[in-house]
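Below you'll find the structure, written out as structure tokens, and then a few comments.
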């Protein structure tokens with residue numbers, strides 16, 4: 654994946670129903686481990 658736009662803080666933001674949290678957390682962790690800049694609420698609790 655080629656990143657051409659670097660002026661955004663995040664590459665992806667997850668919006669989901671509460672019952673899907675476990676699955677979305679796995680997806681967010683995987684994306685983050687691949688260098689994708691992820692907004693996931695549990696990663697940002699201090700700032701929220």
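In our numbering, the protein residues as written are 654 to 701. Heads up, the beta-carbon is just placed ideally off N, CA and C, and yes, glycines get one too. This structure is a prediction, so every number in the text was calculated from the model and none was measured.
Alpha carbon to alpha carbon, how far is residue j from residue i? Give it in angstroms, no decimals.
| i | j | result |
| --- | --- | --- |
| residue 668 | residue 681 | 11 angstroms |
| residue 671 | residue 684 | 20 angstroms |
| residue 686 | residue 697 | 16 angstroms |
Cβ atoms of residue j and residue i: under 8 angstroms apart, would you say?
| i | j | result |
| --- | --- | --- |
| residue 690 | residue 664 | yes |
| residue 675 | residue 695 | no |
According to DSSP, residue i sits in a beta bridge with which residue or residues?
| i | result |
| --- | --- |
| residue 669 | Its beta-bridge partners do not exist; DSSP assigns none. |
| residue 691 | 665 |
Measuring alpha carbon to alpha carbon, tell me which residue in the options is nearest residue i.
| i | options | result |
| --- | --- | --- |
| residue 693 | 661, 666 and 660 | 666 |
From the beta carbon of residue i, is the nearest beta carbon of chain D less than 8 angstroms away?
| i | result |
| --- | --- |
| residue 665 | No chain D is part of this structure, which consists of one protein chain only. |
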